[in-house]
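A.B. asks:
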Amino acid sequence: MLATLFYEPSTRTRLSFETGMIRLGGNAVGFAGTGQSSVSKGESIADTVRTVAAYADVIAIRHPKEGAALVAARAAERAGVPVINAGDGGHMHPTQTLADLATIRQRCGRLTDLTVGLCGDLMFGRTVHSLIETLCRWGNIHFVLVSPPELRVPQYVLDRIDKASGCSYEQVRDLAGVIGSLDVLYMTRVQKERFFSEDEYVRLRDTYVLDRARLAAARPDMAVLHPLPRVNEIATDVDADPRAAYFDQVANGMLVRMALMAAVLDDPLPGYGDEKRQTPAGEQ
Amino acid sequence: MLATLFYEPSTRTRLSFETGMIRLGGNAVGFAGTGQSSVSKGESIADTVRTVAAYADVIAIRHPKEGAALVAARAAERAGVPVINAGDGGHMHPTQTLADLATIRQRCGRLTDLTVGLCGDLMFGRTVHSLIETLCRWGNIHFVLVSPPELRVPQYVLDRIDKASGCSYEQVRDLAGVIGSLDVLYMTRVQKERFFSEDEYVRLRDTYVLDRARLAAARPDMAVLHPLPRVNEIATDVDADPRAAYFDQVANGMLVRMALMAAVLDDPLPGYGDEKRQTPAGEQ
Amino acid sequence: MLATLFYEPSTRTRLSFETGMIRLGGNAVGFAGTGQSSVSKGESIADTVRTVAAYADVIAIRHPKEGAALVAARAAERAGVPVINAGDGGHMHPTQTLADLATIRQRCGRLTDLTVGLCGDLMFGRTVHSLIETLCRWGNIHFVLVSPPELRVPQYVLDRIDKASGCSYEQVRDLAGVIGSLDVLYMTRVQKERFFSEDEYVRLRDTYVLDRARLAAARPDMAVLHPLPRVNEIATDVDADPRAAYFDQVANGMLVRMALMAAVLDDPLPGYGDEKRQTPAGEQ
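Protein chains in written order, with the numbering used here: chain A, 234 to 517; chain B, 234 to 517; chain C, 234 to 517.
The structure is reproduced here in structure tokens:
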């Protein structure tokens, strides 16, 4: 029994958790949006999670506040119920990162010795922070960070790259000048809800748009990733290009969440139980 | 695995799809209202559907905009996932029509050679448009269209009747004068959300109300249908009358949706797989 | 097949019904909040329930209006579908009471010969009214009613106690003076949504707060109950105290709802079918 506690809406993440659990042979309950839950009565995350831990075997939580998943995990610990972070504010989105990694390996055949471009809102994009953090564990990645100055990655993320084995980065404002060097291009949505003003959002959202013309300068085997939903950062005429990998990410997202839920429930997937696990070389 | 993508609320339609799929042995996930989905982040229908097609085997979509189901069907086509239109704006509501047809055949024993009255908001009522379109395929129907001048059926619907084999229509303003001639009376809700102003809604909503007094002039075997929800178009004192067929429509609605989902999934219902299908005679 | 019709949000109650039904081997569908349902189109409770009764085998309803569950039960009667009241306004919340009783018996070993304190909002608290009503059936309870004068229990509840076998009550304003005499302390939330003004809510909500200091005066085996969600009526430092029983209530809530659904569906729980039922001695 999975409980999905989504304090923010997310079709993709919630439905992939729910269908994943059902495909594993389990069931799912939950809420989507605080209007449906006791949050509107002032209940704390810890109380809600401790309550739901009495009903469910595993909890997936999405929350607008950074750190909410950690609070939830501590509250559910006593009941022995694992909590999966399905995105906490601008902080992390680890299951999206698992989908990203699966897709990169599918396309590139490896998770190391890559030049990875990340483009758009690198300040508030939790998927960007999660992906950089995780690729740093594998090592030997050159990150090309493409963003306007106002939306650069936070300093703690740069510090993480500096500490990682064989990793380096460059920060640029222009996608066109670097796209030809990339193995992977990770586009991100300029998220309206993270902005302080409508004006600032409108000014910046069209800066980093990928279309067929810009894509022409990329390598024929570059993989274009995007955590979705997109607004207009990738023109729909790119969808049919074989380099477009973002709908593969969606499919992989369900599969990695199935694997993760099976793992935290100590329920080995059929045929995979005896295999040795592959672990990152650069793990610290 | 069914996904219900309901961009507009609909208890009846959504729950009948979901319980129908569960009764077929499957499962259902989805959302009800855009507040629960990534729509609020500006995602297009096509992207949402293409995403959900990675999780589900069949999709049922309800959307306030005409043509949304067609867009959805095209987006899901590549993934080989069938999309069922669960109502698109003022355009069509084909599974309601299947429920209507099942109920008419149950009551009248046939779907042709009938005098069918449709009463209320005939301009915005998508169930009316769907039902007329479909009965025209069977042929030999006389339609009695009862509405205020402001809420008449659109011209393209009248054109459809003109082209259909053995079909005819009359447009009247008064239910009392025609009720005695009807085999079927299809009442519709004057939908507040389709009106331009509150004043216009209030002025028109009470015009075409069916109560016991008015029903007295009808034939003893006339069937009263309504797609529900009703507000006050049918007085509750009509519910106990044997001519009231609208709660039968509800039950039939789940059954026809089960049959439809089984059909689009190529999953023949037990005991029905070898039967020859009955097709409309007037099919064009 | 359970349908949960929640016209008001309630994470705890809805999820415990749904997970309970799934653990019994069934399934659950429903809505949480009127924004998701046809209520927004003006449909009556009776029509909604009669519709849902065509899909589901049992219905659980939560509604902000007193008496809604009774209306629902009458509407579903014709279809032979049992309706469970999951809370109707300030009136009753009987399945919460079943959870309360299970927890009291678990802690005290009996449901009679007890001194039971109820503290906080006793006027609007439906769980309080349900619990008093039910304990009166068992008899020999002394109720200590702790509330500000503005939030005392309604007179009909006091009349109920007066009629019950061996039952008595006292009304006090101060928890500290009576806490030492209690076998059970039932804390309640001062529910913001039941108040007439924000000012009145703020003035009263902090009046009856239980913390470690106040708990020190209680017996070592007193049980602290709370229907949850809490806002600040019980300080979180009380959670680790062995007298805190409110998270046990949550777990018991799912179990009693499973038992109730099995009972109304005539589906005897495995191993319990042949046992003689225990009935309240003071039943009237």
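Every residue, glycine too, gets a C-beta built ideally from N, C-alpha and C. These numbers were taken from a predicted model, which means no experiment stands behind them.
Taking only three categories from DSSP, how would you classify His-375 (chain A)?
C.D. replies: Taking the first residue of the first sequence as 1, we reach residue 375 (chain A) at position 142. Note: His-375 (chain A) maps to strand in three-state DSSP.
A.B. asks: Figure out for me which residue from C:Arg-370, C:Ala-302, C:Gly-350, C:Ala-293 has the closest Cα to the Cα of Val-386 (chain C).
C.D. replies: Within the third sequence, residue 386 (chain C) is the residue found at index 153, counting from 1. Among C:Arg-370, C:Ala-302, C:Gly-350, C:Ala-293, the Cα nearest to that of Val-386 (chain C) belongs to C:Gly-350.
A.B. asks: State yes or no: is the beta carbon of Glu-299 (chain B) nearer than 8 Å to at least one beta carbon in chain C?
C.D. replies: The sequence position of residue 299 (chain B) within the second sequence is 66, counting from 1. Chain C contact via Cβ: absent.
A.B. asks: DSSP three-state label for Gln-329 (chain B), please.
C.D. replies: The residue labelled residue 329 (chain B) in the question sits at position 96 within the second sequence. DSSP places Gln-329 (chain B) in helix when its eight states are reduced to three.
A.B. asks: In whole angstroms, what is the alpha-carbon distance linking Glu-516 (chain A) and Gly-313 (chain B)?
C.D. replies: By 1-based counting over the first sequence, the position of residue 516 (chain A) is 283. By 1-based counting over the second sequence, the position of residue 313 (chain B) is 80. Low confidence applies here, because Glu-516 (chain A) scores a pLDDT of 46, under 50, leaving its location unreliable and the question unanswered by this model.
A.B. asks: Are the beta-carbon atoms of Val-282 (chain B) and Ala-309 (chain B) separated by less than 8 Å?
C.D. replies: In the second sequence, the residue the question calls residue 282 (chain B) occupies position 49. In the second sequence, the residue the question calls residue 309 (chain B) occupies position 76. Yes, they are a contact pair.
A.B. asks: Would you mind sorting Ser-363 (chain C) into buried or exposed? The rule is 16 or more other CB atoms within 10 Å of its CB.
C.D. replies: Locating residue 363 (chain C) in the third sequence gives position 130, counting from the first residue. Classification for Ser-363 (chain C): buried.
A.B. asks: Skipping 5 residues on each side, what residues in its chain have a beta carbon closer than 8 Å to that of Ala-289 (chain A)?
C.D. replies: Position 56 of the first sequence, counted from the first residue, corresponds to residue 289 (chain A). Same-chain partners within the cutoff: Met-234, Leu-235, Ala-236, Val-262, Val-314.
A.B. asks: In the DSSP assignment, what residue or residues form a beta bridge with Ser-401 (chain A)?
C.D. replies: Position 168 of the first sequence, counted from the start, is the residue given in the question as residue 401 (chain A). Looking at the DSSP assignment, Ser-401 (chain A) forms a beta bridge with A:His-375.
A.B. asks: Closer than 8 Å, CB to CB, is Glu-251 (chain C) near chain A or not?
C.D. replies: As a position in the third sequence, residue 251 (chain C) is number 18, starting the count at 1. Glu-251 (chain C) counts as touching chain A.
A.B. asks: Considering only residues of the segment 459-498 of chain B, which uninterrupted alpha helix (DSSP H) runs meet the minimum length of 4 residues and lie entirely inside it, listed in chain order?
C.D. replies: Taking only runs of at least 4 residues, the alpha helix (DSSP H) segments lying wholly in the segment 459-498 of chain B are 479-497.
A.B. asks: Could you please give the first and the last residue of the uninterrupted beta strand (DSSP E) stretch that includes Tyr-441 (chain C)?
C.D. replies: Within the third sequence, the letter at position 208 stands for residue 441 (chain C). Where Tyr-441 (chain C) is concerned, there is no enclosing beta strand (DSSP E), given that its DSSP letter is neither H nor E.
A.B. asks: Note down, in chain order, all residues in the segment 302-322 of chain C with a beta-carbon under 8 Å from any beta-carbon belonging to chain B.
C.D. replies: Result list empty, no residue passes.
A.B. asks: Straight-line CA distance for Leu-418 (chain A) to Arg-311 (chain B)?
C.D. replies: Sequence index remark: in the first sequence, residue 418 (chain A) carries index 185 (1-based). Sequence index remark: in the second sequence, residue 311 (chain B) carries index 78 (1-based). Leu-418 (chain A) and Arg-311 (chain B): Cα-Cα distance of roughly 24 Å.
A.B. asks: Helix, strand or coil: which one does DSSP assign to Gly-506 (chain A)?
C.D. replies: The sequence position of residue 506 (chain A) within the first sequence is 273, counting from 1. Below a pLDDT of 50, predicted positions are generally treated as unreliable, and Gly-506 (chain A), at 45, falls in that range; the measurement from the model is reported next regardless. Coil.
A.B. asks: At the 8 Å Cβ level, is Lys-509 (chain B) part of the contact set with chain C, yes or no?
C.D. replies: Along the second sequence, one-based indexing puts residue 509 (chain B) at 276. Because the pLDDT at Lys-509 (chain B) is just 47, under 50, the model does not fix this residue reliably, and the value given afterwards should be weighed accordingly. So, not an interface residue.
A.B. asks: For His-362 (chain B), which of helix, strand or coil comes out of DSSP?
C.D. replies: Taking the second sequence and counting its residues from 1, the one referred to as residue 362 (chain B) is at position 129. It is helical.
A.B. asks: Between Leu-409 (chain B) and Thr-328 (chain B), what straight-line distance do the alpha-carbon atoms span, to the nearest angstrom?
C.D. replies: Start at 1 with the first residue of the second sequence, and residue 409 (chain B) comes out as number 176. Start at 1 with the first residue of the second sequence, and residue 328 (chain B) comes out as number 95. Per the sequence shown, the amino acid found at residue 409 (chain B) is Ala instead of Leu. Roughly 30 Å between the two C-alpha positions.
A.B. asks: For Phe-480 (chain C), return the contacting residues in chain A, with the cut-off set at a CB-CB distance below 8 Å.
C.D. replies: For the purposes of this step, residue 480 (chain C) is taken as residue 247 along the third sequence, with counting starting at 1. Near Phe-480 (chain C) (Cβ distances below 8 Å), the residues of chain A are Arg-283, Thr-284, Ala-287.
A.B. asks: Any C-beta of chain C within less than 7 Å: which residues of the segment 471-500 of chain B qualify?
C.D. replies: Going along the segment 471-500 of chain B in chain order, one finds Phe-480, Val-483, Ala-484, Met-487 with a Cβ nearer than 7 Å to chain C.
A.B. asks: At least one CB of chain B closer than 8 Å to the CB of Leu-461 (chain A): is that the case?
C.D. replies: Locating residue 461 (chain A) in the first sequence gives position 228, counting from the first residue. By this cut-off, Leu-461 (chain A) is an interface position.
A.B. asks: Identify which residue in C:Asp-454, C:Arg-406, C:Glu-431, C:Asp-416 has its Cα closest to the Cα of Val-442 (chain C).
C.D. replies: As a working note, residue 442 (chain C) is residue 209 in the third sequence. Of C:Asp-454, C:Arg-406, C:Glu-431, C:Asp-416, the residue nearest in Cα terms is C:Arg-406.
A.B. asks: Is it right to say Thr-469 (chain B) is buried, meaning 16 or more other beta carbons lie within 10 angstroms of its own, or is it exposed?
C.D. replies: Looking up residue 469 (chain B) in the second sequence gives position 236. Exposed is the call here.
A.B. asks: For Gly-353 (chain A), which option in A:Met-254, A:Lys-396, A:Glu-383, A:Phe-239 has the closest C-alpha, if you only look at C-alpha atoms?
C.D. replies: Stepping through the first sequence from its first residue, residue 353 (chain A) is reached at position 120. If we check each option's Cα against that of Gly-353 (chain A), A:Glu-383 comes out closest.
A.B. asks: Name the chain C residues that come within less than 8 Å of Gly-258 (chain A), Cβ to Cβ?
C.D. replies: As a position in the first sequence, residue 258 (chain A) is number 25, starting the count at 1. Simply none; closest approach about 12 Å.
A.B. asks: When the Cα atoms are used, what is the spatial distance from Arg-422 (chain B) to Glu-276 (chain C)?
C.D. replies: Locating residue 422 (chain B) in the second sequence gives position 189, counting from the first residue. Locating residue 276 (chain C) in the third sequence gives position 43, counting from the first residue. Taking the straight line from one Cα to the other gives about 11 Å.
A.B. asks: Identify the residues that DSSP records as bridge partners of Phe-239 (chain B): which are they?
C.D. replies: Reading the second sequence from its first residue, position 6 is the one you call residue 239 (chain B). The partner list for Phe-239 (chain B) (beta bridge, DSSP) reads B:Ala-265, B:Arg-295.
A.B. asks: Cβ closer than 9 Å: which chain A residues qualify as neighbours of Phe-264 (chain B)?
C.D. replies: On the second sequence, position 31 is the one that residue 264 (chain B) refers to. Ordered by position in chain A, the residues that pass the 9 Å Cβ test against Phe-264 (chain B) are Pro-242, Thr-244, Arg-247, Leu-248, Ala-265.
A.B. asks: If you draw a straight line from the alpha carbon of Ile-255 (chain A) to that of Asn-260 (chain B), how long is it in whole angstroms?
C.D. replies: Taking the first residue of the first sequence as 1, we reach residue 255 (chain A) at position 22. Taking the first residue of the second sequence as 1, we reach residue 260 (chain B) at position 27. Cα to Cα, Ile-255 (chain A) sits roughly 8 Å from Asn-260 (chain B).
A.B. asks: From the DSSP output, in three-state form, read off Met-234 (chain A) for me.
C.D. replies: The residue you call residue 234 (chain A) lines up with position 1 of the first sequence. It is coil, neither helix nor strand.
A.B. asks: Please report the distance separating the alpha-carbon of Ala-246 (chain C) from that of Arg-463 (chain C).
C.D. replies: Translated into the one-based positions of the third sequence, residue 246 (chain C) becomes position 13. Translated into the one-based positions of the third sequence, residue 463 (chain C) becomes position 230. The residue asked about is misnamed: residue 246 (chain C) is Thr in this sequence, not Ala. Their Cα atoms are separated by approximately 14 Å.
A.B. asks: Okay, do the segment 292-307 of chain A and the segment 478-491 of chain C touch, 3+ Cβ pairs below 8 Å being the bar?
C.D. replies: No, they do not touch.
A.B. asks: Less than 8 Å between CB atoms is the rule here; does Ile-294 (chain B) satisfy it with respect to chain C?
C.D. replies: Position 61 of the second sequence holds residue 294 (chain B). Not one chain C Cβ lies under 8 Å of Ile-294 (chain B).
A.B. asks: Using three-state DSSP, classify Val-386 (chain C) as helix, strand or coil.
C.D. replies: Within the third sequence, the letter at position 153 stands for residue 386 (chain C). Looking at Val-386 (chain C) - three-state DSSP - the assignment turns out to be coil, as it is neither helix nor strand.
A.B. asks: Can you check whether the CB of Ile-374 (chain B) is closer than 8 Å to the CB of Val-390 (chain B)?
C.D. replies: Here residue 390 (chain B) is taken as the residue at index 157 of the second sequence, counted from 1. Here residue 374 (chain B) is taken as the residue at index 141 of the second sequence, counted from 1. No, Cβ-Cβ distance for Val-390 (chain B) and Ile-374 (chain B) is not below 8 Å.
A.B. asks: At a CB-CB cut-off below 8 Å, which residues of chain A make contact with Ile-255 (chain C)?
C.D. replies: Mapped onto the third sequence, residue 255 (chain C) falls at position 22. Correct list: Met-234, Asn-260, Val-262.
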